[in-house]
Amino acid sequence: MNILIIGSGGREHALAWKCAQSPRVSKLYCAPGNAGIMQIADCVPLAVDDLAGLKSFAKDQGIDLTIVGPELPLSLGIADEFRRDKLKIFGPTRQAARIETSKAFAKDLMARCRIPTAASQTFEHVDAALRYLDTCSVPLVIKADGLAQGKGVIVASTRQEAEDAVRAMLDRRQFGEAGARIVIEDFLQGEELTMMAFADGRTVVPMIGAQDHKRIGEHDTGPNTGGMGAYAPAPLATDALREHVLHDILYPAVEGLSRMGSPYYGVLYAGLMVDNGRSAVLEFNARFGDPETQVVLPLLKTDLVDILEAVVEHRLDQIQIEWHPLTAVCVVLASEGYPGSYRTGIPITGLDRIDTDHVIVFHAGTRDDNGTVVTAGGRVLGVTGIGPDLHTARARAYDAAEMIAFDGRYFRRDIAARAIPTSV
Ligand code: AMP
Ligand code: GLY
């Protein structure tokens, strides 16, 4: 089979790494890819939003399956475009992807399907939003409706902060049109958990639970990032909790979308707040999470291509999905300054010293500069350690992280520490 992966981050490197292990794959392409992906796939210089270019490439190269990494092409309708020309593509249609691309849509779906989530209201006008604030107590969460690169969520701890956030989004269009509509939501307490699932419109199969670390600073301080590290399986995701998430959240969402005429094919990502064994949805994403994918796919035993193909052909019920009984911890190495501005083009050393039996270095923001791997983004590498338990996996990830050097390298030292109380 010829496979095309769309995207250029750690998630896409993990997808490519797993696909490359499939005996069914003869040729692997990635658009646009990065310096790590380039070692296992042919990278093609096509942007993720170049739908026409990607479609002609898939046709010309006889691509049998295209896998979409990021949300942007999904929001532009890449799955609809490819399907129209009978090209097989893994990812939801534009309508189904609204579960991620419009928070108001997701909240409405959850209300209709009685999916547990924080109470909320949606607004387009400042006056109505401010009147609603008067009826609420803080903390409150103000969310831009559309895609805002993970920045469109503000947790307000005072009435004034909430009002400022409302005005910034609705009046001053801080997030552009993504904030022309906002959701004001009650603040939930608890611990966050990511549950991703494969869904073919009918059958839903959850993956192992993972935990992400969104803030830049240790002990969850400072601004939000794309994710500074992750581990899986998360001890928080007990069998009972997974069952509850499957039956009370994932199935109702997929069935609700089917009833609306927008069946969901792809990975459904549920970002959850777990409190006392019950979970509520913070957000849905219409794709694999990053960095979660960098800890989940290394533990997948089953051939990923078999699973993705089964989703695309709506026969997921015929597939048995198995996991290695191991643990993975991913530490993200970032550029100094991220999530603000940072320099790029800095040479990376030490990549050849890694113990590749137990560690996988997934590239995120890297580029090949005439044979030298240099930094090319905020999140540069995801160093995933694998072991029989969390402690060993974590030690392996950190030992490797220390060996990799580049000017301005930054990483959090408390990834997965929460799950091993004695480690901090
Ligand atoms: P979202 O993009 O909706 O997942 O929000 C980004 C982050 O904001 C989440 O990972 C949480 O840390 C936080 N967050 C979002 N909604 C809530 C909520 N209702 N209560 C508490 N924290 C929240
Ligand atoms: N790790 C969060 C996300 O992929 O959206």
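Sequential numbering of the sequence shown, starting at 1097, is according to this note's numbering. Glycine included, every Cβ here is placed at the ideal spot set by N, Cα and C. Remember, predicted model here, so these are calculated numbers, not experimental data.
| said: Below 7 Å, is the gap between the Cβ of P1057 and the nearest heavy atom of ligand 2? | reply: Shown here, the chain extends from 1097 to 1520; a query on residue 1057 therefore has no answer.
inquiry  = Between the segment 1269-1287 and the segment 1334-1350, can you find at least three pairs of beta-carbon atoms closer than 8 Å?
reply    = no
message: Can you look up R1227 in the DSSP assignment and give me helix, strand or coil?
response: Here residue 1227 refers to the residue found at position 131 when the sequence shown is read from its first residue. R1227: helix per DSSP, three-state reduction.
Nearest to R1120 (by Cα), restricted to the options V1476, V1401, V1279 and R1509:
The residue labelled residue 1120 in the question sits at position 24 within the sequence shown. Checked all of V1476, V1401, V1279 and R1509; the closest Cα to R1120 is V1401.
Buried or exposed: N1381, going by 16 or more other Cβ atoms within 10 Å of its Cβ? For the purposes of this step, residue 1381 is identified with residue 285 of the sequence shown, where counting begins at 1. It is buried - the Cβ of N1381 has at least 16 other Cβ atoms within 10 Å.
Q. Helix, strand or coil: which one does DSSP assign to C1139?
A. The count along the sequence shown starts at 1 and reaches residue 1139 at position 43. Note: C1139 maps to strand in three-state DSSP.
Check: Can you name the residues that DSSP bridges to Q1117?
Finding: Position 21 of the sequence shown holds residue 1117. DSSP, once it has assigned bridges, lists no residue as partnering Q1117.
Beta-carbon separation of A1192 and Y1360 under 8 Å? Residue mapping note: residue 1192 aligns to position 96 of the sequence shown, counting from 1. Residue mapping note: residue 1360 aligns to position 264 of the sequence shown, counting from 1. In this structure, Y1360 lies closer than 8 Å to A1192 by Cβ.
Apart from the five residues on each side of it in sequence, which residues of its chain come closer than 7 Å, Cβ to Cβ, to D1485? In the sequence shown, counting from the first residue as 1, residue 1485 sits at position 389. Excluding residues within five positions, the ones whose Cβ falls inside 7 Å are T1423.
Does the beta-carbon distance from L1395 to I1304 come in below 8 Å? What you label residue 1395 is simply residue 299 of the sequence shown in a count that begins at 1. What you label residue 1304 is simply residue 208 of the sequence shown in a count that begins at 1. The answer is yes: Cβ separation under 8 Å.
- Item | 7 Å CB neighbourhood of A1110 in its chain, flanking five on each side removed | To locate residue 1110, count along the sequence shown from 1; it is residue 14. T1389, Q1390, L1393 and F1458.
Pairwise C-alpha distance: Q1285 and D1386: Taking the first residue of the sequence shown as position 1, residue 1386 is located at position 290. Taking the first residue of the sequence shown as position 1, residue 1285 is located at position 189. Rounded to whole angstroms, D1386 to Q1285 spans 23 Å at the Cα level.
Legend entry - Nearest residue (CA-CA) to I1083, options I1185, V1262, V1237 and P1329: The question about residue 1083 has no answer here: the residues shown for the chain are numbered 1097 through 1520.
For this session: May I have the straight-line CA-CA distance separating C1115 from F1186, to the nearest angstrom?
Result: Taking the first residue of the sequence shown as 1, we reach residue 1115 at position 19. Taking the first residue of the sequence shown as 1, we reach residue 1186 at position 90. The straight-line gap from Cα to Cα measures roughly 13 Å.
Notebook entry, point to check: G1103: beta carbon under 7 Å from a heavy atom of ligand 4?
Noted result: Questions concerning ligand 4 fall outside what the structure shown contains, since the ligands it does hold are ligand 1 and ligand 2.
Q. Between which two residues does the beta strand (DSSP E) containing L1393 stretch?
A. The sequence position of residue 1393 within the sequence shown is 297, counting from 1. Counting along the chain, L1393 falls outside any beta strand (DSSP E), and DSSP gives it neither H nor E.
### Length of the line joining the Cα atoms of V1520 and D1510
As a working note, residue 1520 is residue 424 in the sequence shown. As a working note, residue 1510 is residue 414 in the sequence shown. Here V1520 scores only 47 on pLDDT, less than 50, and its place in the model is too uncertain to base an answer on.
Exercise. Please state if the CB of V1341 and the CB of F1294 are separated by a distance shorter than 8 Å.
Key: Stepping through the sequence shown from its first residue, residue 1294 is reached at position 198. Stepping through the sequence shown from its first residue, residue 1341 is reached at position 245. No; because the gap between Cβ atoms is not below 8 Å, this pair is not in contact.
Three-state secondary structure assigned by DSSP to D1464:
Position 368 of the sequence shown holds residue 1464. Note: D1464 maps to strand in three-state DSSP.
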